[in-house]
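J.:
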Amino acid sequence: MSIRKAFSAVAVAGVVAGGALAAAPGAQAATYTYVGVYPTAAACNTAGQAYVNSQQAVTYFCDTTTPTGPARLSVVLR
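Position one of the sequence shown corresponds to residue -13 (this note's numbering), numbered consecutively onward.
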């Protein structure tokens, strides 16, 4: 498999996974507020921790479809 085909396959998988997360913000618990989709779980955790550290949120949750794919951030606001 060429590098171009491999990259395209990974890009398509990421877009599909990101679309699934973005399309389902209503699937979260009622106490959580949807914030957005981040490119990786690490970026989501960093953003969630920033919400908690700035005292804008009590806690946060990152919902991922794959370990290296996009992650949806939801927070419990103060």
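For every residue, glycine included, the Cβ atom is placed at its ideal position computed from N, Cα and C. Values in this document were obtained by computation on a predicted structure and should not be read as measured data.
Given a threshold of 16 other Cβ atoms within 10 Å of its Cβ, counted over all protein chains shown, does Met(-13) qualify as buried or as exposed?
T.: With a pLDDT of 49 at Met(-13), under the threshold of 50, the modelled position of that residue is not reliable, and the figure given next carries that caveat. Exposed.
J.: So, at 8 Å on beta carbons, what are the nonlocal neighbours of Val62 in its own chain, with the 5 sequence-adjacent residues on each side left out?
T.: Excluding positions up to five away in sequence, the list reads Thr17, Tyr18, Thr19, Ala43, Val44, Thr45, Tyr46.
J.: Given this structure, state the Cα-to-Cα distance separating Ala57 from Ser40, to the nearest angstrom.
T.: Each residue's alpha carbon lies about 21 Å from the other.
J.: Which of the three DSSP states is assigned to Met(-13) in this structure?
T.: Confidence at Met(-13) is low in this model, with a pLDDT of 49, below 50, so the placement of that residue should be treated as unreliable; the coordinate-derived value is given next. Three-state DSSP puts Met(-13) in coil, outside helix and strand.
J.: So, helix, strand or coil for Tyr37, using DSSP?
T.: Here Tyr37 sits in helix by DSSP.
J.: Classify Arg29 as helix, strand or coil using the three-state DSSP reduction.
T.: It should be noted that the sequence gives Ala, not Arg, for residue 29. Looking at Ala29 - three-state DSSP - the assignment turns out to be helix.
J.: Could you have a look at Thr50 and say whether DSSP puts it in helix, strand or coil?
T.: Strand at Thr50.
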